[in-house]
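Enquirer:
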Amino acid sequence: MQDPLKGRRLLLERISDAANTAPDALARIALYIVNDPEAVLTLSIADFAHDARSGSASVIRFCRMLGFSGFREFRIALCSEIERRKAFQLAKRAAPKDVSLSPRVASLATALQDSIVASARAFDDLQICDLAKRVRAARRVEVFGTGPSSICADILATRLIWLGLPVHSSGSASMAHGLARALDPSSVAIGISLLGHNEETKNFLNIARKTGAYTIAISSRASGEVAEAADEVILFSPVGAWRVPGSAMHVPSVVLLTEYLCLCLEEAEALRSDQ
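The UniProt record's numbering numbers the first residue of the sequence shown as 1 and each following residue consecutively.
1. With respect to the beta strand (DSSP E) encompassing residue 62, which residues constitute its N-terminal and C-terminal limits?
2. Hey, residue 29 and residue 58: beta-carbon distance below 8 Å or not?
3. Would you decide whether residue 196 is buried or exposed? Buried here means 16 or more other CB atoms lie within 10 Å of its CB.
4. Along the chain, where does the beta strand (DSSP E) that runs through residue 235 open and close?
5. Let's see if you can read the secondary structure: which residues bound the beta strand (DSSP E) around residue 189?
6. Measuring CB to CB, does residue 223 end up less than 8 Å from residue 193?
7. Give the DSSP-derived three-state secondary structure of residue 168 in the structure shown.
8. Less than 7 Å between C-beta atoms, sequence neighbours within five positions excluded: which residues of the same chain meet that for residue 202?
9. Taking all protein chains shown into account, do 16 or more other C-beta atoms lie within 10 angstroms of the C-beta of residue 78, making it buried, or fewer, making it exposed?
10. Where do the ends of the alpha helix (DSSP H) carrying residue 158 lie?
11. Using DSSP bridges, identify the partner residues of residue 178.
12. If you run the structure through DSSP and keep just helix, strand and coil, what is residue 119?
13. Going along the chain, which residues of its own chain have a beta-carbon closer than 7 Å to the beta-carbon of residue 214, five neighbours each way excluded?
14. Residue 132 to residue 17, Cα distance in whole Å?
15. Which whole-angstrom value is the C-beta distance of residue 153 and residue 235, which I expect to be below 8 Å?
16. Count the CB pairs spanning the region 106-122 and the region 249-258 that are closer than 8 Å, and state whether there are at least three.
17. Under DSSP, the alpha helix (DSSP H) around residue 139 begins and ends at which residues?
18. Hey, out of 23, 35 and 233, whose CA is closest to residue 13's CA?
19. Just grab the DSSP bridge partners of residue 217 for me.
20. Strictly by DSSP, which residues pair up with residue 224?
21. Can you tell me which residues form a DSSP beta bridge with residue 145?
22. Would you mind reading off the limits of the alpha helix (DSSP H) that contains residue 209?
23. Does the distance from the CB of residue 248 to the CB of residue 148 come in under 8 Å?
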């Protein structure tokens with residue numbers, strides 16, 4: 001089985017280089033990560049900075065040096081790389097010796113598994129529960145995405161509709177922009193964008209925000225035009241290097257988020273029924 005990470009410049013390799021080349025404060029951070037990368041996944045930025053004998057500001061600088069907007073986005077990428085390696089090693093050990101598995105299929109399957117696990121770790125339980133409350137209380141919910149993200153929008157909208165909620169999704173940008181103008185402070189607008197730079201999704205959220213609607217971006221990027229147009233951002237993990245136009249590799253992570261949100265809604269409804 002071919003290693004899907006082979007031949008790529010890995011995040012941990014870049015961190016290892018930083019341990020030898022970065023200024024002292026940043027080198028200490030890099031060395032701490034190299035020595036125990038999994039420990040980072042469970043720490044807050046304050047605890048991580050303390051353990052790495054550094055400061056929170058230095059941690060932010062280190063993350064930005066590697067191309068991330070902040071510690072949370074860096075931690076998601078690190079988790080993604082760790083889980084990707086674990087999944088590959090597990091699949092390699094478990095594969096029957098007399099069965100030939102296509103390296104291409106193995107790479108895609110490993111990447112998808114990694115993305116789902118990394119996204120699950122990244123989701124904030126309180127944030128999702130708060131979104132469930134907002135959606136439940138909303139007079140109207142509009143969901144929008146383009147390309148493969150429009151599939152995600154349809155999945156999310158359909159799932160919520162079956163719970164009896166007033167949710168709508170339009171695959172047409174002009175229609176979605178028009179519907180967004182009719183929202184008000186009792187409404188919720190959700191824009192889905194893999195890389196967070198989609199112009200039509202950004203405009204959808206900007207229009208909805210001007211009406212007073214609460215706006216939410218679902219994206220793999222905590223920074224960018226779509227995130228800046230929203231009141232809050234729910235992050236999921238991208239899938240390794242498969243950031244190509246038209247790729248649907250992020251759909252499973254959004255499906256996971258959809259089911260997680262609906263579980264929160266169903267549990268809240270059951271709790272109210274018992275009272």
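Backbone N, C-alpha and C fix where the C-beta goes; we use that ideal spot for every residue, glycine too.
Because the structure is a prediction, the values reported are computed rather than measured.
Expert: Well, looking at it:
1. Run containing residue 62: none in the beta strand (DSSP E); it sits in the alpha helix (DSSP H), 56-65.
2. Yes, these two residues count as a Cβ contact at 8 Å.
3. Buried.
4. Residue 235 -> beta strand (DSSP E) spans 232-235.
5. Its beta strand (DSSP E) spans residues 187-193.
6. Note that the C-beta distance between residue 223 and residue 193 is not below 8 Å.
7. Looking at residue 168 - three-state DSSP - the assignment turns out to be strand.
8. If we look at residue 202 and ignore the five residues flanking it on each side, its Cβ neighbours are 225, 226 and 229.
9. Residue 78 is buried by the Cβ-count criterion.
10. Annotation for residue 158: the continuous alpha helix (DSSP H) segment containing it runs 148-161.
11. Partner(s): none; residue 178 has no beta bridge.
12. Assigned with DSSP and collapsed to three states, residue 119 falls in helix.
13. Around residue 214: 134, 188 and 231.
14. Their backbone Cα atoms lie some 43 Å apart in a straight line.
15. About 17 Å separates the beta carbons of residue 153 and residue 235, which is beyond the 8 Å limit, so they are not a contact pair.
16. Yes, they touch.
17. No alpha helix (DSSP H) contains residue 139, which DSSP labels as neither H nor E.
18. Nearest to residue 13 by alpha-carbon distance, out of 23, 35 and 233, is 35.
19. According to DSSP, which records beta bridges pairwise, residue 217 is partnered with 191 and 233.
20. Answer by DSSP bridge pairing: none, since residue 224 is not bridged.
21. Answer by DSSP bridge pairing, in chain order: 192.
22. That run of the alpha helix (DSSP H) goes 199-210.
23. Taking a C-beta distance under 8 Å as the contact criterion, residue 248 and residue 148 qualify as a contact pair.
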